[in-house]
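Mapping of the sequence shown onto our numbering: residues 398 to 593, in sequence order.
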Amino acid sequence: MKKEEFIALGISEDLASKAETASLKELGGYVEKSKYDEAVEENKTLKTSVSDRDKQLETLKASAGDNEELKKQIETMKQQNADQEKAHKEELAQLRLDNAMDAALIAAGAKNNRAVKALLDVSKVKLGEDGKLTGWDDQIKAIQKSDAYLFNAKQQNTFRGFQPGASGDNKPGENVDMSKMSYEELTAYIENNPDA
């Protein structure tokens, strides 16, 4: 306390001076409350900052270790995606080949596509970019000769004039050879001529 505060309490001026000196001596190591509060807050902030930085360092250490694992996982996922894409392309190519063979078997007059396919060496049949089958004609002709019962007999239309279910595009007596059509041509022909 200060001298004036002691005098206000009713202490003599001489005693108030001595009390002030003693009080200042006693409070010499003390800090003001506001400064103390500031120091406490600063201490909390510093501790939090150090703690946050320690966590960040641990996270960086962990992520540096995980980075290699993460890179491996990414590479594994890329490889899996590439394998899936390759498998999908192969499935799609096989589906196109199967559809082209089925259409060619229908065009050849096969009664049962599965039975005829079982006699074919499918590994020699390829679907070209133009949609035409290669390695097909010789095999089908050989099966038509050896196992003719698997195919419908080709009927020659000798009737002239209007034929129910026949397309008006063909001239009378003209037969369409579907075995020489590409897959796209054959599907378009079948769509336009469902009774063919």
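Where is the CB? At the ideal position from N, CA and C, for every residue including glycine. None of the values given here were measured: they were computed from a predicted structure.
Practice item. Please name the residue, chosen from Ile-408, Leu-516 and Ile-404, that lies closest to Ala-545 on a Cα-to-Cα basis. Key: Counting from 1 along the sequence shown, the entry for residue 545 is found at position 148. Answer by Cα proximity: Leu-516.
Practice item. Would you mind reading off the limits of the alpha helix (DSSP H) that contains Ser-420? Key: For the purposes of this step, residue 420 is taken as residue 23 along the sequence shown, with counting starting at 1. Taken as a continuous stretch (DSSP letters only), the alpha helix (DSSP H) holding Ser-420 covers 410-423.
Review point. Using CA coordinates, which residue listed in Val-513, Ser-420, Leu-494 and Asn-478 is at the minimum distance from Gly-528?
Key: Sequence index remark: in the sequence shown, residue 528 carries index 131 (1-based). Selected option, being the one with the closest Cα: Leu-494.
Exercise for review: Apply the 10 Å Cβ neighbour rule to Leu-524 and answer buried if 16 or more other Cβ atoms are within range, or exposed otherwise.
Suggested key: In the sequence shown, counting from the first residue as 1, residue 524 sits at position 127. It is buried - the Cβ of Leu-524 has at least 16 other Cβ atoms within 10 Å.
Review point. How about Lys-422 and Ala-413: are their beta carbons less than 9 Å apart?
Key: In the sequence shown, the residue the question calls residue 422 occupies position 25. In the sequence shown, the residue the question calls residue 413 occupies position 16. No.
Review point. Which first and last residues belong to the alpha helix (DSSP H) in which Phe-403 is found?
Key: Stepping through the sequence shown from its first residue, residue 403 is reached at position 6. From DSSP, the alpha helix (DSSP H) with Phe-403 extends over 400-405.
Point to revise | Contact check, Ala-500 vs Ile-587, beta carbons under 9 Å | key: Counting from 1 along the sequence shown, the entry for residue 500 is found at position 103. Counting from 1 along the sequence shown, the entry for residue 587 is found at position 190. Yes.
Point to revise | Residue interval of the alpha helix (DSSP H) (run including Leu-516) | key: Counting from 1 along the sequence shown, the entry for residue 516 is found at position 119. 510-516 is the span of the alpha helix (DSSP H), which, as asked, contains Leu-516.
Check your understanding: Straight-line CA distance for Val-573 to Thr-584?
Key -> Locating residue 573 in the sequence shown gives position 176, counting from the first residue. Locating residue 584 in the sequence shown gives position 187, counting from the first residue. Distance between the alpha carbons of Val-573 and Thr-584: 14 Å.
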